[in-house]
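With this note's numbering applied, the sequence shown corresponds to residues 31 to 387, in that order. So the structure is just underneath, and the comments pick up after that.
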Amino acid sequence: MKNLVNISGGDNPERCADVVFVHGLDGDARTTWHPKESPDKFWPAWLGEDFPAIGIWSLWYAVSSSAWKGTTMPLIDRATNTLDLFELDDIGHRPVAFICHSLGGLLVKQALRLAAESRNPAWRAIAEHVGLIVFLSTPHSGADMASWIQYLGKLLRTTVTVEELEAHHPRLRELNDWYRDNVESLGIETFVYCEKLPTAGILVVNETTANPGIAGVRPIPVDEDHVSICKPSSREAQIYRRVKRLIETNLLNRGVSESATTQTTHDNRHRNRSPEQGLPFSGKAKIEFGRRMTSDWPELADYFEIPTADRARFKRGREPHGVWEWLEARSRLRNLPEALRDIGRDDLLEEFFDHPQ
């Protein structure tokens with residue numbers, strides 16, 4: 031059945047974030063993401079094991095390159111259908127990341143645009159909560175689309191999806207222009223990988239085609255082809271390690287709702303409290319701490335070497351709370367007393383650590 035497949039944690043209403051895998055042409059929710067003949071190397075499941083508090087999903091939709099193999103629908107129609115599936119599974123209630131292979135990246139960009147421009151509050155919430163998109167050999171636009179079309183041209187009886195890519199190339203450029211122009215205001219971190227090995231003698235998506243044209247975002251080439259790039263063979267594979275790092279530095283730190291963060295942290299601490307899990311402060315103490323830190327928060331962020339990209343995602347006027355949540359997500363609140371002492375805020379050290387509320 032074609033739908034949004036819950037791989038791990040999606041049935042937990044208190045999950046802190048969602049990661050959605052989106053396949054490309056001739057793909058599906060599972061075989062796209064593991065090496066052939068090795069279904070046990072299914073890396074969405076690995077992420078579920080590494081991040082049990084996150085919902086891991088895999089979108090399964092009909093998108094065949096050849097009419098002999100199946101049917102498909104135009105990109106904008108598929109994007110509309112996909113947003114409805116997301117709404118049904120409460121995607122958009124918490125931070126979201128998308129891991130996209132090939133055409134899946136174009137689908138996500140189209141869905142994001144529809145969501146951002148929609149009058150449906152649930153759809154707009156999806157756009158507002160996307161914090162990370164990883165593109166794996168997605169053909170965004172550019173002069174070198176010829177290789178992509180040449181590859182697809184080898185297939186008999188191509189479907190409407192393939193015809194769209196060829197006949198409406200300007201539309202793909204326009205979609206990418208929209209993404210490039212809005213990605214910063216939407217607060218989305220973009221990461222791009224591209225193949226360096228040919229598939230059937232053709233480099234399907236090269237560095238030029240894979241480049242979304244966003245300042246500071248450079249496609250990273252890997253020794254994979256168009257099919258294998260989305261199938262890491264182990265947890266030590268470069269792409270798996272990078273995605274895991276991005277989830278840690280972006281998704282776990284991005285605007286998690288007060289209720290989900292506070293309740294999950296509270297439950298975890300009382301089940302198995304240890305010095306490594308932070309300190310048992312109440313929400314009131316956290317709020318007061320944020321109010322009192324005011325202009326000193328950058329110095330505290332410097333002490334912990336919080337990346338500039340992470341700081342940029344702190345809500346304006348609530349940066350001290352952002353620092354707190356960044357530390358809390360990484361179980362580093364235990365290091366806060368030493369940091370406060372170092373920056374000369376002994377007043378906070380005494381009030382909040384010697385006499386926690």
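Glycine included, C-beta positions come from ideal geometry on N, C-alpha and C.
Nearest-angstrom Cβ-Cβ length linking residue i and residue j, presumed shorter than 8 angstroms
{"i": "residue 16", "j": "residue 49", "result": "The chain is shown only over 31 to 387; residue 16 falls outside these bounds and no answer can be derived."}
{"i": "residue 223", "j": "residue 163", "result": "Incorrect: roughly 12 angstroms between the Cβ atoms, too far for contact."}
{"i": "residue 356", "j": "residue 336", "result": "6 angstroms"}
{"i": "residue 136", "j": "residue 112", "result": "Not a contact, Cβ separation roughly 12 angstroms."}
{"i": "residue 252", "j": "residue 225", "result": "7 angstroms"}
{"i": "residue 216", "j": "residue 160", "result": "7 angstroms"}
{"i": "residue 59", "j": "residue 88", "result": "4 angstroms"}
{"i": "residue 86", "j": "residue 37", "result": "4 angstroms"}
Residue i versus residue j - alpha carbon distance
{"i": "residue 73", "j": "residue 52", "result": "13 angstroms"}
{"i": "residue 321", "j": "residue 327", "result": "10 angstroms"}
{"i": "residue 305", "j": "residue 121", "result": "No answer about residue 305 holds up, because its pLDDT of 33 lies below 50 and its placement is not dependable."}
{"i": "residue 212", "j": "residue 75", "result": "32 angstroms"}
{"i": "residue 349", "j": "residue 341", "result": "8 angstroms"}
{"i": "residue 158", "j": "residue 371", "result": "37 angstroms"}
{"i": "residue 70", "j": "residue 281", "result": "26 angstroms"}
{"i": "residue 218", "j": "residue 334", "result": "23 angstroms"}
{"i": "residue 140", "j": "residue 132", "result": "14 angstroms"}
{"i": "residue 149", "j": "residue 66", "result": "42 angstroms"}
{"i": "residue 258", "j": "residue 229", "result": "9 angstroms"}
{"i": "residue 145", "j": "residue 153", "result": "5 angstroms"}
{"i": "residue 338", "j": "residue 279", "result": "11 angstroms"}
{"i": "residue 165", "j": "residue 378", "result": "43 angstroms"}
{"i": "residue 366", "j": "residue 129", "result": "34 angstroms"}
{"i": "residue 26", "j": "residue 369", "result": "Past the edges of the chain, shown from 31 to 387, lies residue 26, and the structure says nothing about it."}
{"i": "residue 298", "j": "residue 117", "result": "The pLDDT assigned to residue 298 is 43, lower than 50, so where the model puts this residue is not dependable; a value taken from the coordinates is nonetheless given after this. Cα to Cα, the separation comes out at about 28 angstroms."}
{"i": "residue 104", "j": "residue 231", "result": "28 angstroms"}
{"i": "residue 64", "j": "residue 39", "result": "20 angstroms"}
{"i": "residue 362", "j": "residue 206", "result": "39 angstroms"}
{"i": "residue 54", "j": "residue 202", "result": "16 angstroms"}
{"i": "residue 233", "j": "residue 167", "result": "10 angstroms"}
{"i": "residue 200", "j": "residue 319", "result": "52 angstroms"}
{"i": "residue 347", "j": "residue 134", "result": "36 angstroms"}
{"i": "residue 345", "j": "residue 44", "result": "22 angstroms"}
{"i": "residue 61", "j": "residue 364", "result": "42 angstroms"}
{"i": "residue 56", "j": "residue 147", "result": "29 angstroms"}
{"i": "residue 343", "j": "residue 254", "result": "33 angstroms"}
{"i": "residue 227", "j": "residue 151", "result": "43 angstroms"}
Own chain residues within Cβ distance below 6 angstroms of residue i, not counting five before or after
{"i": "residue 13", "result": "As shown, the chain starts at 31 and ends at 387. That puts residue 13 outside it, with no answer to give."}
{"i": "residue 172", "result": "Because residue 172 carries a pLDDT of 44, less than 50, the predicted location of this residue cannot be relied on, and no value is offered for it."}
{"i": "residue 142", "result": "157"}
{"i": "residue 208", "result": "143"}
{"i": "residue 353", "result": "327, 330, 331"}
{"i": "residue 323", "result": "350"}
First and last residue of the uninterrupted beta strand (DSSP E) at residue i
{"i": "residue 85", "result": "84 to 89"}
{"i": "residue 37", "result": "34 to 38"}
{"i": "residue 257", "result": "Segment: none, residue 257 is in no beta strand (DSSP E) and carries neither H nor E."}
{"i": "residue 220", "result": "219 to 225"}
{"i": "residue 161", "result": "160 to 166"}
{"i": "residue 47", "result": "47 to 52"}
Unbroken alpha helix (DSSP H) run spanning residue i, endpoints
{"i": "residue 106", "result": "105 to 118"}
{"i": "residue 269", "result": "268 to 279"}
{"i": "residue 142", "result": "133 to 146"}
{"i": "residue 244", "result": "Premise fails: residue 244 is in no alpha helix (DSSP H) and is neither H nor E."}
{"i": "residue 358", "result": "349 to 359"}
{"i": "residue 65", "result": "Per DSSP, residue 65 belongs to no alpha helix (DSSP H) and is neither H nor E."}
{"i": "residue 80", "result": "73 to 80"}
{"i": "residue 366", "result": "366 to 372"}
{"i": "residue 328", "result": "327 to 333"}
{"i": "residue 238", "result": "237 to 240"}
{"i": "residue 342", "result": "338 to 342"}
Candidates the options, of which the one nearest residue i by Cα
{"i": "residue 41", "options": "119, 234, 146", "result": "119"}
{"i": "residue 256", "options": "151, 90, 169, 39", "result": "169"}
{"i": "residue 91", "options": "234, 366, 160, 34", "result": "34"}
{"i": "residue 360", "options": "275, 319, 345, 318", "result": "275"}
{"i": "residue 204", "options": "242, 232, 63", "result": "242"}
{"i": "residue 77", "options": "107, 54, 56, 266", "result": "266"}
{"i": "residue 277", "options": "375, 167, 44, 80", "result": "80"}
{"i": "residue 250", "options": "235, 61, 264", "result": "235"}
Residue i Cβ short of 7 angstroms to the ligand ADP heavy atom set
{"i": "residue 112", "result": "Annotation note on the ligand ADP: not contained in the displayed structure, which lists no ligands."}
Cβ of residue i within 8 angstroms of any chain E Cβ
{"i": "residue 234", "result": "Absent from the structure is chain E; it holds one protein chain and no more."}
Chain-order list of residues whose beta-carbon lies under 7 angstroms from that of residue i (same chain, five-residue window excluded)
{"i": "residue 244", "result": "210, 213, 220"}
{"i": "residue 263", "result": "65, 71"}
{"i": "residue 375", "result": "326"}
8 angstroms Cβ shell around residue i - same chain, five flanking residues per side excluded
{"i": "residue 9", "result": "Nothing can be reported for residue 9, as the shown portion of the chain is limited to 31 through 387."}
{"i": "residue 271", "result": "265"}
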